[in-house]
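FYI, the numbering for the sequence shown is -19 to -1, 1 to 162, going by mature numbering (1 follows the signal peptide of the UniProt record, and there is no 0).
Backbone N, C-alpha and C fix where the C-beta goes; we use that ideal spot for every residue, glycine too.
Quick caveat: nothing in here was measured; it's all calculated off a predicted structure.
Right, one structure below, let's go through it.
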Amino acid sequence: MRKIIVATALAMACSPALANTDSDKPSTMSNFSYDYAEARFGISPVTFGGAFSKSIHPNAHFIARIDSEFESDYDSAIGAGFHAPINNWADVTGQMMYRLREVGDSGTQSGVEFNLGIRQWLGPQLEVGGKAGYQSIDDDDDWLASAYARFHATELFSLGAEMRFNDTYGEQAMITARFNL
């Protein structure tokens, strides 16, 4: 009986070492590219903006973004994020960013944003995702959220539609074009 227990324990302990791995496919730390430049425009209110992201570690990336109505206003953020695979089709993400914005007559405001999200493949070319977060800008603490779908036309180019909730410009729909670097 003791030999059966020892043999079972050894087999269970060694099972990851016996797993079949594809030596032709390199091991990656995420299911998505985090190296991109993005152009976008928002609807209601009409805004124009862009974003840039660059991997700085297998599980971390630098991100910067800015949006504006071009009426003496802007909403910008810069910071770092993490990403890690949940399974073969999904990544969990998070970001910590410094926010700087000027909207209306309120003057320049600054603060921080923290968010957690998920990115998921629904098919070979369709990605969906969302994030929820917390922002503290000056004396205003609030939540924010977004949900999106992105069609990957090629490995280097994708088109997306995003809905933002409770962000600088309120509830806003966005159309995006992303170019992988």
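Which residues DSSP lists as bridging residue i, in chain order
i: residue 173; result: No statement about residue 173 is possible, as the shown extent of the chain runs from -19 to 162 and does not include it.
i: W70; result: W70 pairs with nothing; no bridge assigned.
i: S63; result: Sequence inspection shows Phe at residue 63; the Ser mentioned does not correspond to that position. For F63, which the question treats as bridged, DSSP gives the partners A41, G75.
i: A134; result: DSSP, once it has assigned bridges, lists no residue as partnering A134.
Where residue i falls: helix, strand or coil (DSSP)
i: E52; result: coil
i: T149; result: coil
i: C(-6); result: Its pLDDT being 47, under 50, C(-6) is placed unreliably by the model, and nothing is read from it.
i: S91; result: strand
i: S139; result: strand
i: L125; result: strand
i: F13; result: coil
i: T2; result: Any answer about T2 is weak, because its pLDDT of 49 lies below 50 and its placement is not dependable; what the coordinates show is given next. T2: coil per DSSP, three-state reduction.
Cα-Cα separation, residue i to residue j
i: T149; j: A126; result: 11 Å
i: N40; j: F13; result: 11 Å
i: K90; j: L97; result: Before going on, a small fix: residue 90 reads as Gln here, not Lys. Distance between the alpha carbons of Q90 and L97: 23 Å.
i: R131; j: W124; result: 24 Å
i: G85; j: P105; result: 43 Å
CB of residue i within 9 Å of CB of residue j, strictly
i: D54; j: E83; result: yes
i: R100; j: G110; result: yes
i: A134; j: A142; result: no
i: G92; j: M77; result: no
i: I44; j: G60; result: yes
i: D72; j: H42; result: no
i: R80; j: S57; result: yes
i: E108; j: S139; result: yes
i: A32; j: L162; result: no
Reference residue i, options the options, closest by Cα
i: S34; options: W102, I24, H133, R46; result: R46
i: S87; options: W70, F63, D120; result: D120
i: R159; options: A20, S49, M10; result: A20
i: H64; options: P26, G104, S11; result: S11
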